[in-house]
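Asker: There's a structure below that I have some questions on.
Residue numbers (this note's numbering), protein chains in the order written: chain A, 1 to 185; chain B, 186 to 311.
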């Protein structure tokens, strides 16, 4: 199998990668990732406005993995993780890039992609209204998600959600979501 | 009725609901994976308070971070307060935000536009 989830990244070893994690995404892992990234931002005296946005987006990204990942394919080499995810945080010129990755069952791709496309074609004002609508009308799902995570990320960053699906086998793809959190233009 | 006093953790806020004073406070970080588990007792408590509220209830929300899962639960808290207000009791919400935190201010404005209770937006200047 030539598939390697790290092929997506060209410069993972570079000094600008402040966090790299792959494996089970449980509550403790989420705490550790949040603490580690927050400490690193504080250590470089990142301005509090950007720091808060990064923290917020990271919370939603991690909890999206926690609530929504599909189980790993049967032939994947790490079978220990119930909620397998990948998280990378990189420092870039005017902010941070957060990349998450997870397996998505083929039958769930269309729905996810449609959701992202809808967000990406909306104006900032429309995203704000969409957020309020979902907040006020949608119940928390059985999985525990509120359906607001991606909308909130788009709203707080003001940037488009970059994404791709890399086919793993007939039944699964690996979904990469890349979010730029930067200082306001 | 017994007050609710909950110490904050890295992921859940400090809560003080004092029924004798009519002052309710939620403060800190609210980013648990399972927010319903945390907020349900608060919402249930408000249901009881609602039956015999004080003539004035003041609610102070002073959050540093909250996740989208908490945002729905916070709305449930506000809906209980709205019902108390609707029954001709005074209810006032003070929504605190740090001076450069426009996202937190906007979040307060979202609730203000949904819930029919007077909101006061209060900037925390350090």
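Using N, Cα and C, we set each Cβ at its ideal position, and we do this for glycine too.
From a predicted model like this one, the values you see are computed outputs, not experimental measurements.
Please report the distance separating the alpha-carbon of residue 281(B) from that of residue 245(B).
Answerer: Rounded to whole angstroms, residue 281(B) to residue 245(B) spans 7 Å at the Cα level.
Asker: Scan the region 94-131 of chain A and note each continuous alpha helix (DSSP H) run of 4 residues or more that stays entirely inside, going in chain order.
Answerer: Within the region 94-131 of chain A, the complete alpha helix (DSSP H) runs of at least 4 residues are 106-120.
Asker: Given that a residue counts as buried once 16 or more other Cβ atoms are within 10 Å of its Cβ, and exposed if not, what is residue 30(A)?
Answerer: That one is buried.
Asker: May I ask you to report which of helix, strand or coil DSSP gives residue 24(A)?
Answerer: Strand.
Asker: Against chain A, which members of the region 212-224 of chain B pass a CB distance test of less than 7 Å?
Answerer: Of all residues in the region 212-224 of chain B, 216, 218, 219 and 221 have a Cβ within less than 7 Å of some Cβ in chain A.
Asker: Could you compute how far the alpha carbon of residue 241(B) sits from the alpha carbon of residue 235(B)?
Answerer: One C-alpha to the other measures close to 12 Å.
Asker: Measuring only from the beta carbon, is residue 92(A) closer than 8 Å to any heavy atom that is part of the ligand PLP?
Answerer: This structure lacks the ligand PLP; in fact it carries no ligand of any kind.
Asker: Where are the alpha helix (DSSP H) runs, 4 residues long or more, that stay fully inside the region 198-261 of chain B, in chain order?
Answerer: You should have 220-234.
Asker: Between the C-alpha atoms of residue 205(B) and residue 188(B), what's the straight-line distance to the nearest angstrom?
Answerer: Whole-angstrom Cα-Cα distance: 8 Å.
Asker: Of all the residues that make up the region 272-289 of chain B, which are near chain A by a beta-carbon distance shorter than 7 Å?
Answerer: Going along the region 272-289 of chain B in chain order, one finds 285, 286 and 288 with a Cβ nearer than 7 Å to chain A.
Asker: Work out the CA separation of residue 111(A) and residue 256(B) for me, nearest whole Å.
Answerer: So the two alpha carbons sit approximately 24 Å from each other.
Asker: For the alpha helix (DSSP H) containing residue 153(A), list its first residue and its last residue.
Answerer: Segment 149-157, the alpha helix (DSSP H) holding residue 153(A).
Asker: Straight-line CA distance for residue 177(A) to residue 76(A)?
Answerer: About 20 Å.
Asker: Which residues mark the beginning and the end of the alpha helix (DSSP H) in which residue 53(A) is found?
Answerer: Looking at the DSSP string, the run of the alpha helix (DSSP H) that includes residue 53(A) is 48-68.
Asker: How many whole angstroms separate the CB atoms of residue 84(A) and residue 103(A), which I take to be in contact at a CB cut-off of 8 Å?
Answerer: Residue 84(A) to residue 103(A), Cβ: 6 Å. Contact.
Asker: With a cut-off of 9 Å, does the C-beta of residue 298(B) fall near any C-beta of chain A?
Answerer: Judged by the 9 Å Cβ criterion, residue 298(B) is in contact with chain A.
Asker: Could you check where the alpha helix (DSSP H) with residue 289(B) kicks off and where it finishes?
Answerer: Here the alpha helix (DSSP H) through residue 289(B) covers 287-299.
Asker: By Cβ distance, which residues of its chain are closer than 8 Å to residue 311(B), with the 5 residues on each side in sequence left out?
Answerer: 283 and 284.
Asker: Return the CA-CA distance between residue 94(A) and residue 163(A), expressed in angstroms with no decimal places.
Answerer: Whole-angstrom Cα-Cα distance: 21 Å.
Asker: Determine the DSSP secondary structure at residue 264(B), reduced to helix, strand or coil.
Answerer: Three-state result, residue 264(B): helix.
Asker: When DSSP builds the beta bridges, which residues end up paired with residue 33(A)?
Answerer: DSSP output for residue 33(A) lists no bridge partner at all.
Asker: Have a look at residue 1(A) and residue 168(A) and give me their C-alpha separation to the nearest angstrom.
Answerer: Because residue 1(A) carries a pLDDT of 47, less than 50, the predicted location of this residue cannot be relied on, and the following value inherits that uncertainty. Taking the straight line from one Cα to the other gives about 9 Å.
Asker: Is the CB of residue 186(A) under 9 Å away from at least one CB in chain B?
Answerer: For residue 186(A) there is no data in the structure shown, the boundaries of chain A being 1 and 185.
Asker: Within 9 Å (strictly less), CB to CB, does residue 55(A) reach chain B?
Answerer: Answer yes: the Cβ-Cβ gap between residue 55(A) and chain B drops below 9 Å somewhere.
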